[in-house]
Amino acid sequence: MCIAMLMFLCEYLGGWLVFQYNESFFQQAELYVPKKISVTMRIDEDILDWFKGQGQGYQTRINQLLRKYMDAHRH
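Just so we're aligned: the sequence shown equals residues 260 to 334 in our numbering.
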């Protein structure tokens, strides 16, 4: 996403933001995307069937659930 678009979004959502961001912030910002790795897990069949039954993106939903659990239990 270009700097101008990010600045526009920050201005548009300005009432929701705690900090005011400027062009300098976006020029120095670094994009962080958590690395995804492929794993093999043993999951109960009914659990996997339920997630798959929710439609496309079941692996993403499982990952989101695991992340929420991890965040809630960090010390």
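Ideal Cβ positions, reconstructed from N, Cα and C, are used throughout, including at glycine. Since we're looking at a predicted model, the values are computed, not measured.
Item	Value
Alpha helix (DSSP H) runs wholly inside the segment 277–316, at least 4 long, in chain order	282–287, 304–312
Backbone secondary structure at residue 320 - three-state DSSP	helix
For residue 330 and residue 324, the rounded distance between their alpha carbons	10 Å
Alpha-carbon spacing of residue 303 relative to residue 333, whole angstroms	26 Å
Residue 326 - DSSP class collapsed to helix/strand/coil	helix
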